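Residue numbers (full-length UniProt numbering): 1 to 775.
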């Protein structure tokens, strides 16, 4: 019952201890695993995803990876299975040497959360190494006067394994003179001493052959043997004696080579040659043998290699003093290495987030840094800082880890990248420091809308343009980058002249070039107002608009239109009738012509009192008849009224030609052909100043021609244009029909765009005109 109660109590204690360890490990964030050495590459260590509480499907997306502390990385993470596996064959002796407990530490980083989990893997030893002796054959010389119970040190068997798998026992073959005594040295190392059980007699037996066997405690047991040849010497019966059993010394790790560390002293009570003592290292590691040197005659220990506190802080060795008779004594030497500030701190960038979005909020983690200094004490304590004036700061995470985080809002358009220099300094005297540079690239966000070069645009195009003609190219700039700065252009659809804007204009979405989709007509409409939008390629896109006004420029593309006199529709000659008794100054007719083009492109040959003919352009008006003195004239310069200058003569046929032309570069003419004016004869005598005796009823026939230029009276934007035309007709009716005796004008109108005046052929009763009268 007592045993049952004890077992129950023990079980509860174990459960309590297990719960305590589990809680401690959860709080500390550390996970522990254990594997035997010699585990092959790819072997399972533990389910790290399960132990960290991570979803297996999220491992690749969350950037879970292993951050090794040293140069070698012995473990890897299988992101598909979430298992922690070995990255190579695990050799405990290579990783930890003869350390009793072999631990490998590393961290698991979850990058999207910038969170670390400490992992510790213990590598347990297996019995994979057999003991070995440095020398397979060993010769010992023992004086025949050696006292019973004398101990003779034997070479130590080496075993790379530790613990129970290291050397645990020594055995000596059966003999009458010697026995074996096994001693425990430092760090649990066992060594054997040969004990003399009986007095030696060289004359009886000069040489004793022994076999020494060293065995470890593994399963199965591994062993090694060495053959010892004991040679019995005569005479010398006193062994050297050290002045003290243990020698201690301290030395700075930066002492130069050849520096004296300590002097070992030993004496021998014998005299002469038998009292001469020589010193040698008996137990020393291979690394220590490369650093320290022992003078055999003086016992001085000096340095021949470089000391490094970070590699070994304490060296323990055994020195043997031996006389010429091979009698020896041993002492222990302990050399302590004092740390100096000879290691600069190291910066390891374990994680870097780049590029960084320019709209990242303050406190965003950019990089995770690990700071290390191999020195101890204050020499190993470090502080770190970054360059001033940067929008970043360092924030300590835990132990020697720091996070580089944003301190304020970033703006890629102002600064697109940063060079962050991190300086780490230890607290040694003098302090040592090192630097590391992190290049942080900012990624663009669409925070700027395109901006046009002008707040509004005024464009011009001449009418009669070809379809597809380029009008102008608009440009908008966006300070963003990439797709966020890629600007496309479009027209905001609207109505123009009761038609969609897209039927008039188009815009190249890439270049901003505006094209005419049709040939514009100034007389149809004179301006087009529309809006151009510039939109970037961001998400969501940003845009801006600009107002554009396109003015249509007039060209001389319309021929004048004769309003009066009107011509017969059958193509016959127009005729004007004038009374025989008409006095000088009698109004024969007026010519009224209009043009749809604008001033000064279009001009007007108008009625009396309207001075619109050719405006400021040069012009000439000529009158040609078949007599030296013309019976007709223009009452004023630039007048469109044709009046008589004398009473018509019945006996002389008259042919009258009137030319009106503009000296404008590109002229359009209207030609009035075969305009005949007939003067009716009457029986009554003529008025004063007229000759009698002419036949009654005789008519004089003459031909007139008019070339009229254009007049700007059809202005769509002015109501006065319509009123003006009505006034022309009203004045014309008053002037032409003021008498019962009148001339009838029949005209035939043709249009020509060529600037050369073409003359019509005339047929009259008289000879061709031989005089030209210019007004």
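Every residue gets a Cβ at the ideal spot worked out from N, C-alpha and C, and that includes glycine.
Since the model is a prediction, treat every value here as computed from it, not as a measurement.
N- and C-terminal bounds of the alpha helix (DSSP H) containing residue i
i: residue 287; result: 286-289
i: residue 48; result: 48-52
Burial state of residue i, where buried means 16 or more other Cβ atoms lie within 10 Å
i: residue 404; result: buried
i: residue 207; result: exposed
i: residue 467; result: exposed
i: residue 166; result: buried
i: residue 133; result: buried
i: residue 57; result: exposed
i: residue 428; result: buried
i: residue 283; result: buried
i: residue 477; result: exposed
i: residue 70; result: exposed
i: residue 719; result: Confidence in residue 719 is poor, its pLDDT being 46 and thus under 50, which makes the residue's placement too unreliable to answer from.
i: residue 240; result: buried
i: residue 455; result: exposed
i: residue 460; result: exposed
i: residue 370; result: buried
i: residue 570; result: exposed
i: residue 344; result: buried
i: residue 462; result: exposed
i: residue 450; result: buried
i: residue 668; result: Annotation note: pLDDT 45 at residue 668 (below 50); position unreliable, coordinate value reported separately. So residue 668 ends up on the buried side.
i: residue 24; result: Bear in mind that the predicted position of residue 24 carries a pLDDT of just 34, short of 50, making it unreliable; the figure below should be weighed with that in mind. Looking at its Cβ environment, which holds fewer than 16 other Cβ atoms inside 10 Å, residue 24 is exposed.
i: residue 226; result: buried
i: residue 105; result: exposed
CB of residue i within 9 Å of CB of residue j, strictly
i: residue 92; j: residue 66; result: no
i: residue 197; j: residue 148; result: yes
i: residue 518; j: residue 489; result: no
i: residue 776; j: residue 114; result: Residue 776 is absent from the structure shown; the chain starts at 1 and stops at 775.
i: residue 54; j: residue 82; result: yes
i: residue 333; j: residue 249; result: yes
i: residue 64; j: residue 77; result: yes
i: residue 589; j: residue 564; result: yes
i: residue 255; j: residue 321; result: no
i: residue 422; j: residue 352; result: no
i: residue 402; j: residue 442; result: no
i: residue 379; j: residue 340; result: yes
i: residue 95; j: residue 42; result: no
i: residue 273; j: residue 141; result: no
i: residue 483; j: residue 412; result: no
i: residue 529; j: residue 546; result: no
i: residue 445; j: residue 305; result: no
i: residue 287; j: residue 312; result: yes
Opposing strand residues paired with residue i [DSSP bridges]
i: residue 473; result: 513
i: residue 177; result: The partner list for residue 177 (beta bridge, DSSP) is empty, contrary to what the question assumes.
i: residue 461; result: 552
i: residue 331; result: 319
i: residue 184; result: 190
i: residue 426; result: 382
i: residue 405; result: 365, 393
i: residue 545; result: 533
i: residue 357; result: 443
i: residue 336; result: 250, 314
Segment limits, beta strand (DSSP E) that includes residue i
i: residue 170; result: 167-172
i: residue 318; result: 314-323
i: residue 117; result: 115-124
i: residue 450; result: No beta strand (DSSP E) contains residue 450, which DSSP labels as neither H nor E.
i: residue 216; result: 207-216
i: residue 132; result: Note, residue 132: premise wrong, no beta strand (DSSP E); not H, not E.
i: residue 443; result: 433-443
i: residue 99; result: Element bounds for residue 99: n/a, residue is neither H nor E.
i: residue 504; result: Element bounds for residue 504: n/a, residue is neither H nor E.
i: residue 522; result: First-last for residue 522: undefined, no H or E at that position.
i: residue 392; result: 392-396
i: residue 283; result: 277-283
i: residue 588; result: 587-590
i: residue 489; result: 488-492
i: residue 367; result: 365-372
i: residue 569; result: That residue, residue 569, is in no beta strand (DSSP E); it is neither H nor E in DSSP.
i: residue 232; result: 223-233
Which runs of the beta strand (DSSP E), 3 residues or longer, sit entirely within the segment 59-91? 64-68, 75-78, 83-86
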